[in-house]
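This report concerns only the one structure given below.
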Amino acid sequence: MSNAMNSLSVSETRAELFRETLDKTAQKVASDELTFGVEFPQVTGPDGQWVRLPASLSAGYDGDAWSHGNWFCGFWVGLLLSSYVHTGEARFLEWARARMLLVRQRAQDPNTHDIGFIFDSSAVPGHHITGDAWFAEIALEAADKLRARLVTTRNGAYLASWGPISDPRGRSASAIDTMANLSLLYWAAGYADDGSYRQAADAHAEMTARAFVRADDSTYHAVEYDVHSGDRKRGYTFQGAFDESAWSRGQAWAIYGYVNSARETGKRAYLDLAERLADYYLRRLDGRQVPPWDFDATGRDAEIKDTAAAAVVASALLEMARVHPEAHAAAKWQGHGLEMLEALCRDEFTGDGQHGLLHNSCYSKPHNIGVDGATMFGDFYFVEALCRAVHPGKLRPLDHTRIPLA
Ligand code: GLY
């Protein structure tokens, strides 16, 4: 790993806005933490209250209906940890440690790729911040389960996303969201000094680039593979408007995942792809800072936004700027990332006394869950981006593998 990097340059006015937002975030997180008992927040409902779920709720099929279960619980630990990073107040760390123990059981969950989201937002930064080995042991348990989802075909290997991989539906299905979960495998490769985690992540990134990215650089939400040949049988959606549409958060996960894959492998092709995916996203934004939940939604539906997608992209672009080997491109991506982040702070941050951090997140429009409210993942990636801007290196490490010039 090289420590060479671009440092983000944030104007004092923006840095002040970001720090004030983190101050208010820490206050909101502290007051909500005292109300949850052993449950965890998921999304805010139409009444503005958090919907809560136990950490133990796994993903699964009920007949043919698929439920993602509680993949939100790690993000709450991540918000407690980032509030600790920002304030230095020990109570946040104590809460994060206690909550991590409630989440721990999910590290053994064989049903979902979402264990990447759960533990990359909690145990991985927990270990980075405290150095406590037990955080790392939990993250490694989860990384083992994620690596075990690798399906090897004649033409590449991919991580199955949804369901037990012994179930044919689960074994053949992969989602673009999984690109964001590769971070857990990259982390495990470094921590355990075991290249098999990186090989699994890299194989998945290669195959996803071939099967998910359309000619115009938009992405499918999901792909059904032929498990023997590795051919794409179909591209489809679960949370987007229709199978061929551009679900904005899917595009966000793809950008985020290829930035991280470039940083970890040093492969220029992943950075180039991340830039093409981000260019597509910016084209469809057409001057806005927050996308609609689906770029191809029409009528009244097109007015429904997804601030979570904006937060994921803002965080990814700041990271792209940091690791980019060309100063001009780095400056361009930093500019876009900071503008998006500023717009979220200015226009979408919830008021005093309201739950959650960002208005107008959209978990799943087709299922009518978490539309127009806060979502745990939107809030987490928003705060991750703020920490990248004003607390570089504190929530996430600054190391990266050198990426060659174009
Ligand atoms: N499963 C990740 C998402 O809803 O974006």
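Numbering (this note's numbering), first residue to last: 5 to 410.
Glycine included, each C-beta is placed from N, C-alpha and C at the ideal position.
Here the C-alpha atom of His132 lies approximately 14 Å from the C-alpha atom of Met104. In this structure, Val316 and Arg214 do not form a Cβ contact; the two beta carbons are roughly 23 Å apart against a cut-off of 8 Å. Beta bridge pairing from DSSP links Pro58 with Glu43. Following the DSSP letters along the chain, one finds Thr157 inside the beta strand (DSSP E) bounded by residues 154-157. Remark: C-beta atoms of Gly82 and Arg101 do not approach each other more closely than 9 Å. Boundaries cannot be given for Gly355, as no beta strand (DSSP E) includes it and DSSP labels it neither H nor E. Remark: the C-beta of Phe381 is in contact range of the ligand GLY, defined as less than 8 Å to any heavy atom. In this structure, His359 sits away from Glu352, with a CB-CB distance that is not shorter than 9 Å. DSSP places Gly374 inside the beta strand (DSSP E), whose first and last residues are 373-377.
In this structure, DSSP gives Glu93 a state outside helix and strand, which the three-state scheme calls coil. In this structure, the straight-line span from the alpha carbon of Gly49 to that of Val375 is close to 8 Å. Per the C-alpha coordinates, the member of Tyr65, Glu16, Trp75, Gly64 positioned closest to Arg56 is Trp75.
A residue is called buried when at least 16 other Cβ atoms come within 10 angstroms of its Cβ; Leu21 meets this threshold and is buried. Under the three-pair Cβ rule at 8 Å, the region 329-347 counts as touching the region 288-305. Between the region 139-149 and the region 104-116 there are three or more inter-stretch CB-CB distances shorter than 8 Å, so the stretches are counted as touching. In the DSSP secondary-structure assignment, Tyr260 is not bridged to any residue. The straight-line gap separating the alpha-carbon atoms of Ala192 and Asp198 is approximately 7 Å. Ranked by how close their Cα comes to the Cα of Tyr65, the residues Arg108, Asp235, Thr223, Asp171 have Asp171 in first place. Within the DSSP secondary-structure output, Lys369 pairs in no beta bridge.
In the three-state reduction of the DSSP assignment, His332 falls in the helix class, which pools H, G and I. Bridge pairing for Pro408: absent [DSSP]. Taken in chain order, the unbroken stretches of beta strand (DSSP E) that lie wholly in the region 155-235 and span 3 residues or more are 160-163, 177-179, 226-229. When the Cα atoms are used, Arg350 and Arg18 turn out to be separated by approximately 10 Å. According to the DSSP assignment, Asp66 belongs to the beta strand (DSSP E) that extends over 64-66.
When the beta-carbon positions are compared, Glu323 and Arg392 come within less than 9 Å of each other.
Checking the DSSP bridge columns, you'll see Arg238 partnered with Glu228.
In the same chain as Glu24, and ignoring 5 residues on each side of it, no C-beta atom comes closer than 7 Å to its own. Here Ser187 has Asp124, Asn264 as same chain residues with Cβ atoms under 6 Å from its own Cβ, once five neighbours each way along the sequence are excluded. Contact residues of the ligand GLY (beta-carbon closer than 5 Å to any heavy atom; chain order) are Asp181, Arg253. Residue environment: Ser86 is assigned as buried (16 or more neighbouring CB atoms within 10 Å of its CB, all protein chains considered). DSSP places Ser125 in no alpha helix (DSSP H); its state is neither H nor E. With respect to the 9 Å criterion, Gly382 and Leu361 are classified as neighbours on the basis of their beta carbons. Within the model, the alpha-carbon separation for Arg238 versus Ala177 is close to 10 Å.
Assignment of Trp70 by DSSP, reduced to helix, strand and coil, places it in the strand class. Three or more beta-carbon pairs separated by less than 8 Å link the region 241-248 to the region 219-230, which places the two stretches in contact.
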